[in-house]
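*Asks:*
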Amino acid sequence: MAPFVTLALAQFQPRKGDYAANLARIGELLAQAVSLEPRPQLVCFPEAALSGYFLEGGVRELAVTAGRLAADLHRTHGDGPPVDVCVGFYEVWRNKLYNSALYVSLGETMPLVRHVHRKVFLPTYGLFDEERFVERGRDFRAFDTAWGRAAILVCEDAWHSLSGTIAALDGAQLIIVPSAPPARGAWPKTDEVPGPASVSRWERLTRDMADEHGLYVALANLVGSEAGKQFPGCALIAGPKGEVRARGPLWDEAIVSATIDLADVTRARADMPLIADLETMMPHLRDSLARVDAGTPHLLSYDGMDALTESMDATSPERKPARRAGSVSGPTSKGRVCVVRAGPPSGPPPLELDAAMVEGWLVHFLRDEMHRRGFTKAVVGVSGGVDSAVTTFLAARAFGAENVVGVRMPYRTSSPESLEHGQLVIDALGIQGCTVDISAAVDGYLQHESDADPARRGNVMARMRMITLFDLSAKYRAIPLGTGNKTERLFGYFTWHADDSPPINPLGDLFKTQVWALARHLGVPEVIVGKAPSADLVVGQTDEGDFGISYPK
Numbered sequence: 000m001a002p003f004v005t006l007a008l009a010q011f012q013p014r015k016g017d018y019a020a021n022l023a024r025i026g027e028l029l030a031q032a033v034s035l036e037p038r039p040q041l042v043c044f045p046e047a048a049l050s051g052y053f054l055e056g057g058v059r060e061l062a063v064t065a066g067r068l069a070a071d072l073h074r075t076h077g078d079g080p081p082v083d084v085c086v087g088f089y090e091v092w093r094n095k096l097y098n099s100a101l102y103v104s105l106g107e108t109m110p111l112v113r114h115v116h117r118k119v120f121l122p123t124y125g126l127f128d129e130e131r132f133v134e135r136g137r138d139f140r141a142f143d144t145a146w147g148r149a150a151i152l153v154c155e156d157a158w159h160s161l162s163g164t165i166a167a168l169d170g171a172q173l174i175i176v177p178s179a180p181p182a183r184g185a186w187p188k189t190d191e192v193p194g195p196a197s198v199s200r201w202e203r204l205t206r207d208m209a210d211e212h213g214l215y216v217a218l219a220n221l222v223g224s225e226a227g228k229q230f231p232g233c234a235l236i237a238g239p240k241g242e243v244r245a246r247g248p249l250w251d252e253a254i255v256s257a258t259i260d261l262a263d264v265t266r267a268r269a270d271m272p273l274i275a276d277l278e279t280m281m282p283h284l285r286d287s288l289a290r291v292d293a294g295t296p297h298l299l300s301y302d303g304m305d306a307l308t309e310s311m312d313a314t315s316p317e318r319k320p321a322r323r324a325g326s327v328s329g330p331t332s333k334g335r336v337c338v339v340r341a342g343p344p345s346g347p348p349p350l351e352l353d354a355a356m357v358e359g360w361l362v363h364f365l366r367d368e369m370h371r372r373g374f375t376k377a378v379v380g381v382s383g384g385v386d387s388a389v390t391t392f393l394a395a396r397a398f399g400a401e402n403v404v405g406v407r408m409p410y411r412t413s414s415p416e417s418l419e420h421g422q423l424v425i426d427a428l429g430i431q432g433c434t435v436d437i438s439a440a441v442d443g444y445l446q447h448e449s450d451a452d453p454a455r456r457g458n459v460m461a462r463m464r465m466i467t468l469f470d471l472s473a474k475y476r477a478i479p480l481g482t483g484n485k486t487e488r489l490f491g492y493f494t495w496h497a498d499d500s501p502p503i504n505p506l507g508d509l510f511k512t513q514v515w516a517l518a519r520h521l522g523v524p525e526v527i528v529g530k531a532p533s534a535d536l537v538v539g540q541t542d543e544g545d546f547g548i549s550y551p552k
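Straight run, no breaks: the sequence shown in numbering that gives the first Met the number 0 ends on number 552.
This is the structure:
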């Protein structure tokens, strides 16, 4: 076995549901990786790399056997040099579906499948629902390769410390973690890890696993957007003392390469023999686990009162020299000690925002969504409010001012201030602007509904604006962008088939107060940020007046 191993992690964005395109892309990245110097012996790809992660029922259509994937990779690699590949995919095995990872050796006359790991811990919380669509795997095992011994954990498998412990006890020198964790946590952080809080959490998990078990851990992540969620990348290689050996970039595709010395595993375990200690105690731990599993009651065992009395007798005053009055000994010589009381529970302020990081996050999100849909231009309804202003500022940064069209759509009762502020955004960014007066179209319908109340009239205006926006999107061959925020959505403060209609909505996960913070960071004019929010559907109406409570509260 060679003591030095060069490995590469490929973080990339798969095309959702397109096995052939993703296989071809993996072939391109594999060819790029093996052209590096030194040439990697192992190239690792993320979880669900052949299909995208959020497939739900589409797993049935995209799942393949491990044998077919090995053959497809062999054919794609062609006459390339020998290399091992680890890749996540949805698998068919014994007529069941799994979220799996394949380890295969390529470059010979036939591919050699060395291991298939089937994900054991399937998340069924938050935005995850894996167990509806795939079965659980049942075991963790290490396996031999041409360079040493490895193990695979898929995504949440790595969150359970026992998974890494089993792999280490089975001889793993490297644990490979193909993963597809969406980015979460936009609050400010105190560490130096780039990106959202979820990236910091994953780095801590990876480094802790490596440090505890004295081995290498390689984390390979997806990038790009899928199902409205953004994958951050930030692939990571951690050394056997928990140190970062290499880290991939945030949001972008990349190949992360490092040469590792497997002798470091021996050195780390000599310095901190936790695995040796665990192996020594395994028989006792197995007994304890068996008793817990069987529900055997715990029998309390300790020295009784007779033993305590004998101990006290042995140290009674008559058996020890008398202490002089005023003498002190031990802890009592210092008198009272300080008292430390716990403060309030710590944690991130729920609505604070790392505005610079969120700007980058949403700019990448917009670019990914636009590219995936095959568009190059965007059209935005510019109302003069802060939400549409922030969306337009983000669009201009994502696509360039020349590829953004801002549309003002006044009704005859609209506030002149709304028109002025909408034009202020258009002028500030240098984007193309146009104005479409919707009064005649709205009044043409409402003349047949003279008893329509203000709510109905407002909904007609909102829907007419969306009709206009979608028609102009066809004219400009541009995609409409939404401007709604999370607070409005949670309150139900929007119009169906109007505000909710655009296919891309960059502000959908931001509360109104967070939109204000992002607006100030982006440089939206303060006259827009500071005014009372209003849909401007009824003269004098404000959002907070309708709510009966302020946004900050």
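Even for Gly, the Cβ is constructed at its ideal location relative to N, Cα and C. Just so you know, these numbers come straight off a predicted model, no measurement behind them.
1. Within the stretch 158-192, note down every full alpha helix (DSSP H) run reaching 4 residues or more, in order along the chain.
2. Looking at the structure shown, is G520 part of a helix, part of a strand, or coil, going by DSSP?
3. Please report the straight-line C-alpha distance between I503 and M408, rounded to a whole angstrom.
4. Is the number of C-beta pairs between the stretch 335-353 and the stretch 507-516 that are closer than 8 Å three or more?
5. Count the other C-beta atoms from every protein chain shown that fall within 10 angstroms of the C-beta of K15, then say buried if there are 16 or more, exposed otherwise.
6. For E46 versus V153, is the C-beta distance shorter than 8 Å?
7. Going by CA-CA distance only, name the one from L471, A179, P524, F142 that's closest to A166.
8. For A234, which option in A440, L204, A473 has the closest C-alpha, if you only look at C-alpha atoms?
9. Determine the DSSP secondary structure at N21, reduced to helix, strand or coil.
10. Buried or exposed: which applies to Q172, given that a residue is buried once 16 or more other Cβ atoms fall within 10 Å of its Cβ?
11. Between the stretch 88-102 and the stretch 117-137, are three or more C-beta pairs nearer than 8 Å?
12. One question on the structure: do A245 and I236 come within less than 8 Å of each other, judged by their Cβ atoms?
13. Is it the case that the Cβ atoms of T5 and R38 are separated by a distance below 8 Å?
14. Do the stretch 454-468 and the stretch 423-433 touch if we need at least three Cβ pairs shorter than 8 Å?
15. Between which two residues does the beta strand (DSSP E) carrying K95 extend?
16. M356: buried (16+ other C-beta within 10 angstroms of its C-beta) or exposed?
17. How big is the Cα-Cα spacing for Y97 and R67?
18. Cβ atoms of I478 and A377: under 8 Å apart, would you say?
19. Should A324 go down as buried or exposed, given a rule of 16 or more other Cβ atoms within 10 Å for buried?
20. Closest by CA to G483, which one among L471, H447, R476, P532?
21. Starting from W92, follow its DSSP beta bridges and name the residues at the other end.
22. Taking C-beta to C-beta, are P248 and V198 nearer than 8 Å?
23. Taking Cβ positions, are G184 and P177 nearer each other than 8 Å?
24. Between F398, E130, G147, L299, which lies nearest to R117 when the distance is taken from Cα to Cα?
25. Mapping the DSSP letters down to three states, classify S224 as helix, strand or coil.
26. Rounded C-beta distance between D452 and Y492? I'm assuming under 8 Å.
27. Determine the extent of the alpha helix (DSSP H) in which F53 is found, giving its start and end residues.
28. Is R366 helix, strand or coil when you go by DSSP?
29. Using a Cβ-Cβ cutoff of less than 8 Å, which residues in the same chain neighbour R519 once the five nearest sequence positions on both sides are dropped?
30. Buried or exposed, going by whether 16 or more other CB atoms sit within 10 Å of the CB of T412?
31. Check each candidate in A473, T467, K474 and name the one with the smallest Cα separation from A497.
32. Would L8 pass as a contact of A341 if the rule is Cβ separation under 8 Å?
33. Please classify T189: is it buried, with 16 or more other beta-carbons within 10 angstroms of its beta-carbon, or exposed?
34. Could you check which residue in Y301, D286, Y52 has the C-alpha nearest to that of G294?
35. In this structure, what does DSSP give as the bridge partners for C85?
36. For S256, list the residues DSSP reports as bridge partners.
*Replies:* According to the structure shown:
1. 160-168
2. Here the question's residue 520 lines up with position 521 in the sequence shown. The question names Gly, but residue 520 is His in the sequence shown. Residue state, collapsed to three classes: helix.
3. Working through the sequence shown from its first residue, we reach residue 503 at position 504. Working through the sequence shown from its first residue, we reach residue 408 at position 409. About 20 Å.
4. yes
5. The sequence position of residue 15 within the sequence shown is 16, counting from 1. Flag for K15 reads buried.
6. As a first step, residue 46 is located in the sequence shown; it is residue number 47 there, counting from the start. As a first step, residue 153 is located in the sequence shown; it is residue number 154 there, counting from the start. Yes, these two residues count as a Cβ contact at 8 Å.
7. Against the sequence shown, residue 166 aligns to sequence position 167. Minimum Cα distance to A166 is reached at F142.
8. For the purposes of this step, residue 234 is taken as residue 235 along the sequence shown, with counting starting at 1. Nearest option by C-alpha distance: L204.
9. In the sequence shown, counting from the first residue as 1, residue 21 sits at position 22. DSSP places N21 in helix when its eight states are reduced to three.
10. Here residue 172 corresponds to residue number 173 of the sequence shown, with the count starting at 1. Buried.
11. yes
12. The residue given as residue 245 occupies position 246 in the sequence shown. The residue given as residue 236 occupies position 237 in the sequence shown. Taking 8 Å as the Cβ cut-off, A245 and I236 qualify as a contacting pair.
13. As a working mapping, residue 5 is identified with position 6 in the sequence shown. As a working mapping, residue 38 is identified with position 39 in the sequence shown. Yes, these two residues count as a Cβ contact at 8 Å.
14. no
15. On the sequence shown, position 96 is the one that residue 95 refers to. Start and end: 95-105.
16. Within the sequence shown, the letter at position 357 stands for residue 356. Classification of M356: buried, given that the 10 Å Cβ count is 16 or more.
17. By 1-based counting over the sequence shown, the position of residue 97 is 98. By 1-based counting over the sequence shown, the position of residue 67 is 68. Going by the C-alpha atoms only, they are around 15 Å apart.
18. Along the sequence shown, one-based indexing puts residue 377 at 378. Along the sequence shown, one-based indexing puts residue 478 at 479. Yes, Cβ-Cβ distance for A377 and I478 is below 8 Å.
19. Against the sequence shown, residue 324 aligns to sequence position 325. Here the model assigns A324 a pLDDT of 48, short of 50, so the residue's position is not dependable and the matter cannot be decided.
20. Numbered from its first residue, the sequence shown carries residue 483 at position 484. It is P532 whose Cα lies nearest to the Cα of G483.
21. On the sequence shown, position 93 is the one that residue 92 refers to. According to DSSP, which records beta bridges pairwise, W92 is partnered with K95.
22. Here the question's residue 248 lines up with position 249 in the sequence shown. Here the question's residue 198 lines up with position 199 in the sequence shown. Not a contact, by the Cβ cut-off of 8 Å.
23. Here the question's residue 184 lines up with position 185 in the sequence shown. Here the question's residue 177 lines up with position 178 in the sequence shown. Contact: no.
24. On the sequence shown, residue 117 is found 118 positions in, with the first residue counted as 1. The shortest C-alpha separation from R117 is found at E130.
25. Within the sequence shown, the letter at position 225 stands for residue 224. In this structure, S224 counts as strand in the three-state DSSP scheme.
26. Translated into the one-based positions of the sequence shown, residue 452 becomes position 453. Translated into the one-based positions of the sequence shown, residue 492 becomes position 493. Actually they do not touch by this definition, with Cβ atoms about 17 Å apart.
27. Within the sequence shown, the letter at position 54 stands for residue 53. Here F53 belongs to no alpha helix (DSSP H), and DSSP marks it neither H nor E.
28. Taking the sequence shown and counting its residues from 1, the one referred to as residue 366 is at position 367. Here R366 sits in helix by DSSP.
29. Residue 519 sits at position 520 when you count from the first residue of the sequence shown. Same-chain partners within the cutoff: A354, E525, V528.
30. For the purposes of this step, residue 412 is taken as the residue at position 413 of the sequence shown. T412 is exposed by the Cβ-count criterion.
31. As a working mapping, residue 497 is identified with position 498 in the sequence shown. It is T467.
32. Against the sequence shown, residue 8 aligns to sequence position 9. Against the sequence shown, residue 341 aligns to sequence position 342. Contact: no.
33. One-based indexing of the sequence shown puts residue 189 at position 190. Exposed is the call here.
34. Sequence index remark: in the sequence shown, residue 294 carries index 295 (1-based). It is D286.
35. Residue mapping note: residue 85 aligns to position 86 of the sequence shown, counting from 1. C43, Y102.
36. Position 257 of the sequence shown, counted from the first residue, corresponds to residue 256. Note: S256 sits in a beta bridge opposite A7.
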